[in-house]
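What follows is a set of notes on a single structure, which appears directly below.
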Amino acid sequence: MTAWPFHRPRRTRADEELDAAHWAADRSMIDAKQQRARADRIGDSIRETGRRNHFGAAVAAVFRGDHR
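Going by this note's numbering, the sequence shown runs without a break in its numbering and finishes at 171.
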């Protein structure tokens with residue numbers, strides 16, 4: 104019968120730092136996705152307004168980042 108918990112190699116400081124770097128990268132990716140989703144929601148509401156108002160469509164483009 105195998106011992107429980109299964110043997111895991113000892114974690115070093117480098118392992119911890121690598122995990123922290125991965126966690127930070129994941130966090131920033133999640134934050135970017137949330138910001139894009141928020142911009143899309145704002146853009147959607149402004150685009151609704153933009154159907155009645157061309158200025159709203161221009162503002163929606165700025166929020167989406169398609170403006171030049």
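By construction, the Cβ of each residue, glycine as well, lies at the ideal position given by its N, Cα and C atoms.
In this structure A142 touches R167 by the C-beta definition: roughly 6 angstroms separates them, less than 8 angstroms. Counting the other Cβ atoms within 10 Å of the Cβ of A163 gives 16 or more, which makes it buried. Judged by DSSP in its simplified three-state form, G146 adopts helix. Assignment of F166 by DSSP, reduced to helix, strand and coil, places it in the helix class. Each residue's CA atom was taken as its position, placing Q138 and M132 some 10 angstroms apart.
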